[in-house]
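According to the UniProt record's numbering, the sequence shown is numbered sequentially starting from 1.
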Amino acid sequence: MFYERLKSLALEKNLSLNQVEKNLKLSRNTLANYKKGQTPSTERAILLANFFNVSTDYLLGNTDIKNQNQFDEDLEKSLDTFKSFDGKPMYDDDREKIREFLRKRMEDRLKDN
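Pasting the structure below:
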């Protein structure tokens with residue numbers, strides 16, 4: 001999963017894995033070793049996650065959400081449209097229910113893609 005995610009993220013940036021290695025000053029074939037099942041160190045996973053602006057959980061296959069902070073910001077922006085309903089203010093517990101529904105729905109949608 002780790003290698004596949006790396007390769008996909010590199011393609012999204014129109015980079016080869018060799019170019020990623022050069023940009024991060026990694027030895028040649030460092031990333032190819034992950035294809036063989038080698039596990040990255042915590043420091044290496046963080047370095048790569050920062051480079052691609054994703055979470056380490058995403059890189060390691062623990063979530064389908066690339067960037068939790070961006071996900072949360074997008075969710076809050078969506079919730080801003082629910083400050084009132086039919087001209088009346090919406091209660092916090094109603095907003096929380098909508099937040100949980102949207103979070104679940106967005107996570108499910110990411111899994112489907």
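For every residue, glycine included, the Cβ atom is placed at its ideal position computed from N, Cα and C.
(request) Give me the Cα-Cα distance between Y3 and L24, rounded to the nearest whole angstrom. (result) Their backbone Cα atoms lie some 16 Å apart in a straight line.
(request) In the DSSP assignment, find the unbroken alpha helix (DSSP H) run with T81 in it and report its ends. (result) That residue, T81, is in no alpha helix (DSSP H); it is neither H nor E in DSSP.
(request) Could you check what DSSP says for K88 in three-state terms: helix, strand or coil? (result) Annotated three-state conformation of K88 is strand, per DSSP.
(request) Excluding the 5 residues preceding and the 5 following R28 in the sequence, name in chain order all residues of the same chain whose CB lies nearer than 8 Å to its CB. (result) N18 and E21, listed in sequence order.
(message) Could you compute how far the alpha carbon of K35 sits from the alpha carbon of M90?
(response) If you draw a straight line from the Cα of K35 to the Cα of M90, it comes to about 50 Å.
(request) My understanding is that N50 touches N67, with C-beta atoms under 8 Å, so please give their C-beta distance in whole angstroms. (result) That belief does not hold up - the Cβ atoms of N50 and N67 are roughly 11 Å apart, past 8 Å.
(message) Could you check whether the segment 95-110 touches the segment 69-78, counting it as contact only if at least three pairs of C-beta atoms, one from each stretch, sit closer than 8 Å?
(response) Short answer: they touch.
(request) Kindly list the residues whose CB is nearer than 6 Å to the CB of K111, restricted to its own chain and excluding five residues on each side of it in sequence; keep chain order. (result) These residues qualify, in order along the chain: D64.
(message) By the three-class DSSP mapping on this structure, what secondary structure does V54 have?
(response) In this structure, V54 counts as coil in the three-state DSSP scheme.
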